[in-house]
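Structure record follows, encoded as structure tokens.
Residue numbers (our numbering): 34 to 113.
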């Protein structure tokens, strides 16, 4: 999959970076739209961002409910 990351155009890479920074776009949605898994997005972000920005991004998204659909679904209680 890293070959696929290397073949991205600048516009495609920018779109993925923007989606990765958005709080409401889950990694599942990114995979559905682009075909890139969470691990692929992390590799792309590591390549595209400065080291300090990458660390901030990882800290921000690690364990964030809105970035992981399964965590969000477990957290939201059904309203009866």
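Positions of the beta carbon are idealized from the N, C-alpha and C atoms, including for glycine.
A quick note: this is a predicted structure, and the numbers were derived from the prediction, not measured.
message = For residue 83, count the other beta carbons within 10 Å of its own beta carbon; 16 or more makes it buried, fewer makes it exposed. Which is it?
response = exposed
inquiry  = I need the straight-line Cα distance from residue 58 to residue 99, nearest angstrom please.
reply    = 7 Å
key: Alpha-carbon to alpha-carbon, residue 87 and residue 67   = 21 Å
Outcome for residue 89 when other beta-carbon atoms lying within 10 angstroms are tallied against a minimum of 16 = exposed
inquiry  = Here's the rule: buried if 16 or more other CB atoms are within 10 angstroms of the residue's CB, otherwise exposed. What is residue 44?
reply    = exposed
ask   = Is it the case that the Cβ atoms of residue 63 and residue 41 are separated by a distance below 9 Å?
value = no
key: residue 40, DSSP secondary structure in three states   = coil
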